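**Student:** Numbered according to the UniProt record's numbering, the sequence shown terminates at residue 155, and the numbering increases by one at each position without gaps. I have a structure I would like to understand better, so I am pasting it below and will then ask my questions one at a time.
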Amino acid sequence: KKTSTAMEADSNLDGFTHSLSMHGLKYNKLISDGDSSITKRLNEVLPYGSDFKVKKIECRNHLLRNYCTKLMALTKRTDYPLTVRKCIVKNIIRFRSDITKATDYHLNNGSSIQQKTAELRRDISNSVYHRLGEHKNCAEYFCSGSKLGEINLVS
Numbered sequence: 001k002k003t004s005t006a007m008e009a010d011s012n013l014d015g016f017t018h019s020l021s022m023h024g025l026k027y028n029k030l031i032s033d034g035d036s037s038i039t040k041r042l043n044e045v046l047p048y049g050s051d052f053k054v055k056k057i058e059c060r061n062h063l064l065r066n067y068c069t070k071l072m073a074l075t076k077r078t079d080y081p082l083t084v085r086k087c088i089v090k091n092i093i094r095f096r097s098d099i100t101k102a103t104d105y106h107l108n109n110g111s112s113i114q115q116k117t118a119e120l121r122r123d124i125s126n127s128v129y130h131r132l133g134e135h136k137n138c139a140e141y142f143c144s145g146s147k148l149g150e151i152n153l154v155s
């Protein structure tokens with residue numbers, strides 16, 4: 001009897017294996033939920049030959065869900081101040097929307113893919129600081145600085 005993970009990998013492998021004969025297509029990308037078992041299986045079997053690799057793209061929704069799960073795990077750690085932990089719980093959706101805002105901005109700007117990637121990485125790394133009240137590294141499109149009465153929980 002197979003696990004659901006193994007059955008999912010088999011099903012996807014079957015789709016990739018028959019894509020050429022059924023549709024005349026080779027799929028070069030797989031949008032995934034972060035589970036590497038399907039990608040691992042495709043790279044073991046190599047349905048299109050050894051010179052054709054399938055690239056895994058993680059689904060944004062799954063990435064954001066995992067991000068929020070990890071943030072919520074931080075709220076259980078007593079080595080972080082209670083004020084920070086409460087701020088995370090209170091603003092969990094805002095943490096997620098900050099990432100979405102940065103992603104949408106960089107997706108639609110006219111920069112090169114390398115520049116978009118570098119700037120998005122910077123903005124994602126800074127988003128936690130932004131939400132906790134430290135704005136010294138915020139991009140202009142992202143925020144206009146500290147709000148009146150806002151407390152900086154970072155410093």
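Cβ coordinates follow ideal geometry from the N, Cα and C atoms, glycine included. It should be emphasised that the depicted structure is a prediction, and the values quoted were computed from it without experimental measurement.
Given a cut-off of 8 Å, decide if L64 and I99 are closer than it, judged by their beta-carbon atoms.
**Tutor:** Here the question's residue 99 lines up with position 99 in the sequence shown. Here the question's residue 64 lines up with position 64 in the sequence shown. In this structure, L64 lies closer than 8 Å to I99 by Cβ.
**Student:** Quick check: what's the CA-CA separation for D33 versus S155?
**Tutor:** As a working mapping, residue 33 is identified with position 33 in the sequence shown. As a working mapping, residue 155 is identified with position 155 in the sequence shown. Between D33 and S155, the C-alpha separation is close to 35 Å.
**Student:** Counting pairs of Cβ atoms below 8 Å between the stretch 51-71 and the stretch 89-98, do you hit three or more?
**Tutor:** yes
**Student:** Report yes or no: do three or more beta-carbon pairs, one from the stretch 37-52 and one from the stretch 70-80, lie closer than 8 Å?
**Tutor:** As far as the Cβ criterion goes, the stretch 37-52 does not touch the stretch 70-80, which means the pair count is below three.
**Student:** Considering only the alpha carbon of each residue, which of D104, V54 and H130 lies closest to V84?
**Tutor:** As a position in the sequence shown, residue 84 is number 84, starting the count at 1. For V84, the closest C-alpha among the options D104, V54 and H130 is that of H130.
**Student:** Taking the continuous beta strand (DSSP E) assigned at L25, which residues delimit it?
**Tutor:** Taking the sequence shown and counting its residues from 1, one reaches residue 25 at position 25. From DSSP, L25 is part of no beta strand (DSSP E); its letter is neither H nor E.
**Student:** Do A9 and I31 have their C-beta atoms closer together than 8 Å?
**Tutor:** Counting from one through the sequence shown, the residue named residue 9 turns up at place 9. Counting from one through the sequence shown, the residue named residue 31 turns up at place 31. It is not a contact, given that the beta carbons lie outside the stated cut-off.
**Student:** In this structure, does DSSP put K56 in helix, strand or coil?
**Tutor:** In the sequence shown, the residue the question calls residue 56 occupies position 56. Correct three-state label for K56: strand.
**Student:** Verify whether the separation of the beta carbon atoms of S127 and H135 is less than 8 Å.
**Tutor:** Translated into the one-based positions of the sequence shown, residue 127 becomes position 127. Translated into the one-based positions of the sequence shown, residue 135 becomes position 135. No, Cβ-Cβ distance for S127 and H135 is not below 8 Å.
**Student:** Could you tell me which residues DSSP pairs with S32 in its beta bridges?
**Tutor:** Within the sequence shown, residue 32 is the residue found at index 32, counting from 1. Answer is E58.
**Student:** How many Å lie between T78 and L132 at the Cα?
**Tutor:** On the sequence shown, residue 78 is found 78 positions in, with the first residue counted as 1. On the sequence shown, residue 132 is found 132 positions in, with the first residue counted as 1. Answer to the nearest angstrom: the Cα atoms are 17 Å apart.
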